[in-house]
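Using UniProt numbering, you'd call the opening residue of the sequence shown number 1 and step up by one each time.
Where is the CB? At the ideal position from N, CA and C, for every residue including glycine.
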Amino acid sequence: MKSSRPWIRFRSLTPAIIGVSLGFALSMLYIPVVEQQCLFDMEESQVYVVGKDDKSWNWASKEERKTTPSPTAKTDPISHTTVAPKETHFNYGLRPYYVASELGHRDKLLVGVLTTEDQLDTFALAINNTWGPDLPSLIFFIPYSRDVEFHEKYTKILGFPVVQLDIDSEEETVPQLRTSFKMFKYMHDHYINNYDWFFRAEHDMYLKADKLLEFLSSVNSSEDNYIGHPAAVSYRNQDTAYNNDLYRYEHYCLGGGGVALSRTTLLKLVPNLDTCIEESLTESEDVELGRCLYNNIGVQCTWSYEVCSPNRKFHYLEFHNFQIPKDLSIPDILKDRRVLHATSIHPIRTPSVMYHVHRYFTELELNKTFVETRSLQTSIRDLLPLLPEEKHPSWPLGFQFPFQPKSRFEVIEWQYFTEHASYGFTEVNPEVKLEGDYKKDVHEVVSTAYKMLSRESPHEKKWLINGYRRVDPRRGAEYILDIGLKGGDGNEEHRRVHMLRPFTKVESIQMVTATEQRGVHLVVPVGKDDTDRLEKFLQMYQRVCLQTGENVVLLTVFVNVRGSGEDGHAPEKFAEEKALIARYKQKFTWAQLPWIQIGVQHNSLTLLADIVTMKLPSNALIFLTTLGVEFTVGFLNRCRVNALSGQQVFFPVPFAYYDTDIVFNQNRVPDVLPLHRDMGHWDTDSYNLVCFNNKDYKENR
C-alpha cells in the first residue's frame, strides 16, 4: 500500500504557492500604471528657468518654486521639457502601408513636364526614353483631351504617366498660364506630402537629372526657395505696374530652363493662384509665376550665390544665345564647356537632337566609369604581392572563378575556329562556315586582340593562326587566340592571347501562357496509300485532343495528284481513309472531323494553303502539319501564344527521330521515345509545320 504522507506535505504548501503566483500576477498588472504616474510626476516636478542675466540652466523642484520666489517669474515664461507630438494626417487606427509614410519621410524630387497632346508621341516619348528614367518621379501634364480613347492608349497600353488637367486650350484666353498654375495645384493636392522639391519643366528641354538632384540636395527644402535661371523684366508703361511690383528692375526665373519650388513655397503659393490669374498683366506664365511669388510670399528667383557655394550652381544653357557654327556636328557642339556644366539645355528643336544629346552624355558617364574601374583594378594588382598564395583573385578581376568540373563528363569542350570556319560545332557536320552572329563575334574578338597587341609594339602584319572558344556557365565566353606578328625587320613572332566576353546581367523572362482556350484548326494533308500513317496519327490525336477535351478541329485534306486523263474527284479514291474517319466520328460524336478532297497536278504547299484558307473562317487559327508529327497539349498552347495576329507567325522546330529499327536494332522500342542526341536531332530546316492566323495569310497573299 502506497503512503500518502508526501501528498499531505505538498497539500500544506498549496495555499502559499497560489498566493505567491497571484501576487506576481497583480504586480505585473500594476507596474505599467505606476511607471506612467511616476514619469508624469517627474516631468511636472522639473522645469527650467532662464534668467536675464544668467544664461545657465537652473533646475528647481515644485516645492522649491512654492517657497522660493524667482526674480524672473513675471517676465520669463516657464517652458516644459516635454515636446508635443508631431502632427500627422494619418489615423492611428489605420496605419499606412509604408513606414516612411508614417514617419514623414519624403522623396527628393517630382518633375512635371508641360506639354500638349500632339507632342506626346514625339518629345514626351523622347523624354521618357532619355533623361526621364533617371528621375525619382516624372509626370506629363496636358490640357484635357477630347479623344475618348486617350486614357486607353497612353495610360493602360503604353503606361505613360500623363495627367489631363481640367482646362480646354481652345476656350481659355491664356492657356499656357492656366495650365502651368493648374499643374502646381495638382502637385499640391496629390503630392505635397510625398516630395521635398517640385520642378516645372517643358517638353523641349534636356535635363541632367544627376546634376539637379545633387544641387537640390545642398539646399534646405524647409525654406522658401524659388530656384532657376534669373532674368530681368521692366514695364515700358510704368502706370500699369504696381508700386510693390517685382519687375520694375528685379528678376524672375526663366521657364525654359526649368523652375524648382521647395515644398514650403508650394504650400504658400497654391492658395493665391486664382488671385494671381485674375491679376495677371502678361501672357508669360514664368513672369506671372515670379510676380505671384513675390507679391504674396516675398520670394524672388534665387541667385546661385544665395543658396550655395559657387562650385554648386544651377547652370542653364539657352541655345538661342549659343552661336553654333554650321560646319560643326552635334558631338562637337556638346564638347563646349558651357554645355558640359549646364544642368538644363533649352530649347531642343527635334526629338532626334534630344537622343543625340543623351547619347553623348551617357557615353561620358560610361567612359568615366571605365576609368574608375581601371583605377580600382590597378590598385588591386598593386596589393596582390601582399596577399597569401591561396588568396589570389581569379582572372580577370571582378569575375567569378572558372567552372571546375567534378568528373570527365563535365569537362567543357573547346571549339576550334579560324577566320572562315568553326570545327567541332556539331557532330553531324564538324565543319561549319562562319556566318551571321558567329562571324561577327569572331571578328570583334580578333580585332580587339590586334588592338591590344598594337599598344605594346606596332607590327606591320598580324594574322590569326589558331582560335579556341568555349562557354563557361559561370563567367561567359572564353577565347584563346594564337596570333602571328611580323615586324618591319621581317622577323615573325607568335603570341597567345587569353580573352573573356563576360555575361551581362541575368534576366528571367517568363513564358506567356494561353489565358483562353482559343480554337485551333488542325490541317493535315493525306495522300494516296497513307492509311496506316493516318490511323497512327488519329490514335495520337485521340490521346492528345479528344480524350482531353481540347478545343481543336481536325480538317483532313485528301490530296490526289492527278495524272493525264485522271479524275481527281472519283468516288473510289481514299475510301479506306474516309471510312477510318467515319469510325472515329461514331466513337466521338461530339468531335469535329471534317474532310475535303482536292485534285492537283503536283504537290504544292502554297496551293493547299490557298484552298484551306478559303474554306475556314477569317479569324481562324490554323496549324498546318503532316501525318508523321506527334505533338502535345503544351504545344497547342504555344501555338496560341506565339501566332500573334498582325505581328508574327510561328514555325516550330521539330525533333526528328532516327529510324527506330536501326537505333534499337532487335531491342524493344519504348512507347515514349526520349529526346536524346543518339535518338535524333533538331530539324532546323523543316518548314512544313506552321501556326498562323487566316486573316494574316489572306492579307499578305
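- D204 counts as buried, since no fewer than 16 other beta carbons sit within 10 angstroms of its beta carbon.
- Excluding five sequence positions before and after V446, the CB atoms of its chain that fall closer than 6 Å to its own CB belong to L464, given in chain order.
- Cβ neighbours of K461 within its own chain (closer than 7 Å, five residues either side excluded): K486.
- At a Cβ-Cβ threshold of 8 Å, L109 and F199 count as neighbours.
- Sequence-distant Cβ neighbours of D166 in its own chain, meaning closer than 8 Å and more than five residues away, are Y144, K182.
- For the 8 Å CB-CB criterion, G258 and G228 form a contact.
- Bounds of the beta strand (DSSP E) holding C691 are 690–693.
- Rounded to whole angstroms, the separation of the alpha carbons of G104 and S262 is 16 Å.
- Setting aside the 5 residues that flank it on each side, Y687 is surrounded in the same chain by F651, each with a C-beta closer than 8 Å to its C-beta; the list follows chain order.
- For V371, the uninterrupted alpha helix (DSSP H) run begins and ends at 351–383, by DSSP.
- Put simply, the backbone Cα of K695 is about 45 Å away from that of Y360.
- Within its own chain, the residues whose Cβ lies closer than 7 Å to the Cβ of T264, once the five positions on either side in sequence are excluded, are S222, E223, D224, listed in chain order.
- Every unbroken stretch of the alpha helix (DSSP H) spanning 4 or more residues and falling wholly within the segment 179–234 is given here in chain order: 209–217.
- Separation of Y658 and T632 (C-alpha to C-alpha, rounded to the nearest whole angstrom) is 20 Å.
- Taken through DSSP and simplified to helix, strand or coil, K335 comes out as coil.
- DSSP places D532 inside the alpha helix (DSSP H), whose first and last residues are 531–541.
- A Cβ-Cβ separation of about 5 Å places R469 in contact with Q415 under the 8 Å criterion.
- The segment 637–655 and the segment 543–556 do not touch, with fewer than three beta-carbon pairs separated by less than 8 Å.
- The beta-carbon separation of D286 and Y252, rounded to 6 Å, stays under the 8 Å limit for a contact.
- Judged by their CB atoms, K440 and H420 are not nearer to each other than the 8 Å cut-off.
- From the listed residues V559, P402, K585, the smallest Cα separation to I598 is found for V559.
- Assigned with DSSP and collapsed to three states, H681 falls in strand.
- The DSSP-derived three-state label of G256 is coil.
- DSSP, reduced to helix, strand and coil, places R640 within a helical segment of the structure shown.
- Contact check for V557 and I596: beta-carbon distance about 6 Å, within the 8 Å limit, so the pair qualifies.
- By the C-beta density criterion, M187 is buried, having at least 16 other C-beta atoms within 10 angstroms.
- The C-alpha of S352 is placed about 19 Å away from the C-alpha of D134.
- The three-state secondary structure of N603, taken from DSSP, is coil.
- In the structure shown, P652 adopts coil according to DSSP, grouped into three states.
- Look at T155 here: in three-state DSSP terms it is helix.
- Relative to V526, the option among A591, L534, Y195 whose CA is nearest is L534.
- For R455, the enclosing alpha helix (DSSP H) starts and ends at 436–456.
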